[in-house]
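Reading through the structure tokens given below for one structure.
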DNA sequence: ATAGGGTTAG
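Numbering (the UniProt record's numbering), first residue to last: 1 to 752.
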């Protein structure tokens, strides 16, 4: 049967010269297999006889000086003669002689010598060495060599002890070397000679062929040959079927061949669940229109060796899942974790929590990993309180959090909670007996830096040094960021030096942070100096670095150069993102070039970049400031018509413009729209409108907005009250003035 | 077999 599978292409017998290293000035020029035409009966030539004589008289053949001097003069034929003769008398000497030639003279022996040694090793059950010798031979011969090697084995070694073992090992070695056709050929020969192949050889072949239909031929062959199967055999078949997306076949195979506790089943369940999950997610993303994410996920899937289904097989996936559940197949805890982690990555934490409960109700025990995945997911979604509840729950269950868990919580607290909350948790971590983690410090230092508390940041740095913890480049980057935020650029540069002093390397982030600060300070020359140092140190600029430079160029009105840099980015594959474009669009708006601004917006779409809400805010503001307000209105409406996501800023931008330019009715309408959309309205938003109305003495409208604001439950502040009082006074509206004064007294904004 | 983390640009 196996012969049928593989039709041999004509074999070209390859002449291979074998070389001793040139220092020994001897070439073996005989083709490898034809060199085999010797037997132990051939009359040995002189050096051969001499060495063999020495061997029979001396125990230590290779310590013998005259043997040593003879070796470099031997040719391939003579080596074969020695090994064959030694092998008959004293196998150990033959093996030692072979290793000596190989290790000290770089000579591997002819195929005959290798097979002789192979048989001797097989006889001594030194199977690993046997495999190595054969693998080396196959490595030298390459694929397609099975017929010639088989022929040699067949003609010259048929009667040798351990010949069966060598055949089997030859097939195994071919299979392991991924020369599958050769392995099949050897197997076919073995079958012809009625030599039983071992299950190891079969499994290896099965594994190599598991993604082809030939797998079944091998499988049938195993069954027919009566070779006892190993536990691995079925797992390989299942793995292969899953890899070929033949899930129904896999189920059928399991039902026929496996109990419910088997390894093959586990292999299957995990595979299927991951696959079903991926497909459901991809399907969902396609429907939601996030093709990019869907494609990303498909890549991810293929990287994990899972073939995605063509769209439409999702239903099948679900049915399969149900079928499996109805048959009493159970997910194990790890399969649940895989599922949970994928859901969390997609932001479907609620779904993940539901699964956690399902898991618990089926009697499975979530472990520290399960909990960490969930806690991390919750923190990423900003649901830190939920995460902390879960964290407490795992303590109650005596499942102890590890560094994964702690980092997630600290990061969540520092992002969503208050700084002092994060600090309390940080202190509790550093006070406990845990191994201290530089990442905890980095998180806190960055947070302090961000809010301008450089002193606290530096104190933490000093703690790091006192405790003997090694700071990372990120530590210094965050400190530099802090000094930049506090506009202490000279000190920021000092810390750049600290990186080097600690034997660390400044990164793109280091340089970009500094460059941005210099740019903000208007020191474009300084920015370019840092950029030159970055280049000199061969630190690759990122798209962020380029964006900063573009910002700098724009500041100096070097708009053409900034556009050129945009091209450079495209050319270098450092693709500009929406922030790059926003920066540029902002610059062109400022330069009152709305045409170019919109052209850049279109270019974004061409490059498949989704303009962000910020992009629209910039463009809207540009239209409000530079153009006709009607243009701004039209643009705004068209965005609304296309259901494009807008932020509150889009509304307030337009509202402010209408207030300032006098169309208060329009402003009023927009304001109500904004409220209806459910945006949270603050005193700043009301103040922005009221301020502008007061400036124009439109006190009637001021009273409308004041009323709206109070009924919205927003309390007054002193500043806006004085603005209104002045306006009421200017227009002579005494009643309103006194009413407002009374309100202020009530709120404690004025001493009565 | 199952998990991740800190820093830069509008």
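A virtual CB, placed ideally from N, CA and C, is assigned to each residue, including glycine.
Can residue i and residue j be called in contact, C-beta distance under 8 Å?
i           : j           : result
residue 485 : residue 450 : yes
residue 352 : residue 343 : yes
residue 224 : residue 166 : no
residue 74  : residue 47  : yes
residue 80  : residue 113 : yes
residue 611 : residue 601 : yes
residue 138 : residue 169 : no
residue 580 : residue 554 : no
residue 731 : residue 701 : no
residue 688 : residue 656 : yes
residue 368 : residue 402 : yes
residue 443 : residue 414 : yes
residue 230 : residue 257 : no
residue 629 : residue 661 : yes
residue 134 : residue 118 : yes
residue 163 : residue 172 : no
residue 70  : residue 51  : yes
Measure the C-alpha to C-alpha separation of residue i and residue j and round it to an integer number of angstroms.
i           : j           : result
residue 38  : residue 234 : Because the pLDDT of residue 38 is 45, which lies under 50, any placement of that residue in the model is unreliable, and the number read from its coordinates should be weighed accordingly. Spanning the two alpha carbons is a distance of roughly 46 Å.
residue 622 : residue 513 : 28 Å
residue 645 : residue 652 : 15 Å
residue 205 : residue 185 : 12 Å
residue 30  : residue 76  : Unreliable positioning characterises residue 30 in this predicted model, as indicated by a pLDDT of 25, which lies under 50. A coordinate reading is not provided.
residue 420 : residue 541 : 36 Å
residue 191 : residue 209 : 19 Å
residue 394 : residue 467 : 30 Å
residue 744 : residue 716 : 8 Å
residue 607 : residue 136 : 52 Å
residue 341 : residue 332 : 15 Å
residue 650 : residue 672 : 14 Å
residue 151 : residue 189 : 10 Å
residue 681 : residue 739 : 24 Å
residue 766 : residue 155 : Residue 766 is absent from the structure shown; the chain starts at 1 and stops at 752.
residue 578 : residue 232 : 51 Å
Give the C-beta separation of residue i and residue j to the nearest angstrom, bearing in mind that I take them to be a contact with Cβ-Cβ under 8 Å.
i           : j           : result
residue 574 : residue 546 : 6 Å
residue 539 : residue 506 : 7 Å
residue 515 : residue 548 : 5 Å
residue 753 : residue 391 : As displayed, the chain neither begins before 1 nor continues past 752, which places residue 753 out of reach and without an answer.
With respect to the alpha helix (DSSP H) encompassing residue i, which residues constitute its N-terminal and C-terminal limits?
i           : result
residue 539 : Looking at the DSSP string, residue 539 is not in any alpha helix (DSSP H), and its letter there is neither H nor E.
residue 483 : 473 to 485
residue 186 : 180 to 192
residue 369 : 368 to 380
residue 582 : 578 to 590
residue 160 : No alpha helix (DSSP H) contains residue 160, which DSSP labels as neither H nor E.
residue 572 : 559 to 572
residue 640 : 629 to 641
residue 668 : 664 to 676
residue 112 : 111 to 123
residue 617 : 613 to 626
residue 425 : 419 to 431
Quick one: grab the DSSP three-state call for residue i.
i           : result
residue 210 : coil
residue 216 : helix
residue 608 : coil
residue 493 : helix
residue 436 : coil
residue 750 : coil
residue 90  : coil
residue 348 : coil
residue 383 : coil
residue 697 : coil
residue 75  : coil
residue 401 : coil
residue 392 : helix
residue 68  : helix
residue 311 : coil
residue 733 : coil
residue 689 : helix
residue 502 : coil
residue 526 : helix
residue 647 : coil
residue 743 : helix
Closer than 7 Å: is that where the CB of residue i sits relative to any heavy atom of the ligand SAM?
i           : result
residue 597 : As far as ligands go, the structure on display features none, and thus does not contain the ligand SAM.
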